[in-house]
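Residue numbers (mature numbering (1 follows the signal peptide of the UniProt record, and there is no 0)): -21 to -1, 1 to 158.
Idealized CB from N, CA, C, for every residue including glycine.
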Amino acid sequence: MKKTLSTLLGASALLVAPVLALTSFSSNGASFEVQVELPTMDVAEYHAPYVAMWLQSSDKTVTNLALWYDKDMRNDEGQQWLKDIRQWWRRSGRSLSLPADGITGATRKAGSHKIDFAPLKAELAKLPAGDYEFFIEVVREVGGREIISIPFSLPVTSTQNFNEKGSSELAQVSLTVTP
């Protein structure tokens, strides 16, 4: 069973400033905030990363949250590289009709970006109680790949803060879950 939400992609530049994506959504009475920092890359040929974010329940049900890629490339060429977001592709992406309504967006310039999931708040609120993992997978052409997962449970009775440092394609990922 697959569900979708919202997206965006940071723009490419020769030297990219950190990109911050601040994301909020609600589920099971809980409110979520995800903060993602993409590091500055001092490389000769920089390509903005393709990014997928999703929730996965203990029964392996996937809820897509965001998909950042070059959706506006001529002849949908950006779609051919989505399979390089390997774990997301195997769990959800290959069966997704693209561009996926509500999660697919055009690239944006480097900087701070806020993703608004308010239109799908009701859908997220339907997530049943249980154990979940928040996943973010990042892959960059002529670059690396990185995946971070953060386990959590619903419902929550007090604020929970999770912070994970990346090693290459992600500088920092933070998840805050509040009742």
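Going by Cα to Cα distance, which pick from the options is closest to residue i?
i	options	result
V41	P107, A23 and G57	P107
V118	N140, V156, I127 and T138	I127
E125	P134, G109, N140 and A150	A150
N140	E148, P130 and T155	T155
M20	T136, I129, S146 and L44	S146
L44	S71, E148 and P134	S71
A104	T138, R69, P134 and D51	P134
Helix, strand or coil for residue i, going by three-state DSSP, please let me know.
i	result
D63	helix
E24	coil
S74	helix
V15	strand
R87	Annotation note: pLDDT 48 at R87 (below 50); position unreliable, no value reported.
Does the beta-carbon distance from residue i to residue j come in below 7 Å?
i	j	result
L17	A31	no
E112	P130	yes
D49	G57	yes
Less than 8 Å between the CB atoms is what I'm expecting for residue i and residue j, so what's the real figure, rounded?
i	j	result
S10	T157	5 Å
E24	V121	5 Å
F114	W33	5 Å
E148	P28	6 Å
D110	S132	5 Å
- Query: Could you give the uninterrupted runs of the beta strand (DSSP E) lying entirely in the stretch 96 to 147, keeping only those of 3 residues or more?
  - Reply: 109 to 118, 124 to 133 and 139 to 144
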